[in-house]
Amino acid sequence: MSLRAKKVTRISLLALMLSISVVSDNCRMLEKNQNNAPSAPRAMDAVSVTRRAIAIDMHADTTQRMLDEGVDINNRLADGHFDAVRMKEGGLSAQFFSIWVAPDLYGSGGASAIRRADEQIKAVRALAEKHPETWELARSAADIRRISAEGKLAALMGLEGAYAIDERI
Numbered sequence: 013m014s015l016r017a018k019k020v021t022r023i024s025l026l027a028l029m030l031s032i033s034v035v036s037d038n039c040r041m042l043e044k045n046q047n048n049a050p051s052a053p054r055a056m057d058a059v060s061v062t063r064r065a066i067a068i069d070m071h072a073d074t075t076q077r078m079l080d081e082g083v084d085i086n087n088r089l090a091d092g093h094f095d096a097v098r099m100k101e102g103g104l105s106a107q108f109f110s111i112w113v114a115p116d117l118y119g120s121g122g123a124s125a126i127r128r129a130d131e132q133i134k135a136v137r138a139l140a141e142k143h144p145e146t147w148e149l150a151r152s153a154a155d156i157r158r159i160s161a162e163g164k165l166a167a168l169m170g171l172e173g174a175y176a177i178d179e180r181i
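Counting in the numbering used here, the sequence shown runs from 13 upward without gaps.
Below you can see the structure in the form of structure tokens.
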């Protein structure tokens, strides 16, 4: 199994465990009727679960599209799978944007790879600056909770691979 496949598998398992935990907790919660007696739990679908929880997408390669194609993910896009409109419709609270350096920049002494990563970081920051009513940068779990409570989307960044830091771990 490749390193990328292992990473995707770990993220998928984490998301699945979180989903199961949220669903099982919500299924155990019983509503009370007018007489304060427990009633049967409501049927839930995925969107109702995400609306009650903080739902975080752990990986989007959208940063490259924002930078290279100039797409504005604040609007519904005609192509692709991700934008702020669909994020809100699906009940997502936060997005980890992948800061990823293409293989053609590997081994170039680091300067090109570092520059590319810096440009992607600037693109995510620019998204939050251009659309402060929709996006805010988050640096902690507390930030995500606060941003979500304000009805906005939290933007986080994850560095994918060490090439973007010239392999200086």
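C-beta: ideal position from N, C-alpha, C; glycine also.
For clarity, every value in this text was computed on a predicted model and none was experimentally measured.
| Query | Result |
| --- | --- |
| Residue interval of the alpha helix (DSSP H) (run including E172) | Unbroken run through E172 is the beta strand (DSSP E), 165 to 172; no alpha helix (DSSP H). |
| Selection from S60, D57, I66 that minimises the alpha carbon distance to A154 | I66 |
| Of the residues A140, S124, S152, the one placed nearest I177, counting alpha carbons only | S124 |
| Segments of 4+ residues assigned as alpha helix (DSSP H) that fall wholly inside the region 127 to 153 | none |
| Distance CB(N86)-CB(A72) smaller than 7 Å | no |
| Assigned secondary structure, A114 (DSSP; H/G/I helix, E/B strand, else coil) | coil |
| Test item: CB-CB of F108 and G170 under 7 Å | yes |
| For M78 and D84, the rounded distance between their alpha carbons | 7 Å |
| A96, enclosing beta strand (DSSP E) - first and last residue | A96 -> not in any beta strand (DSSP E); alpha helix (DSSP H) instead, spanning 96 to 102. |
| Through-space distance from L139 to L165, alpha-carbon basis | 11 Å |
| Residue(s) in a DSSP beta bridge with Q107 | D69, A167 |
| Residues near R157 by beta carbon distance below 8 Å, same chain, minus five either side | I66 |
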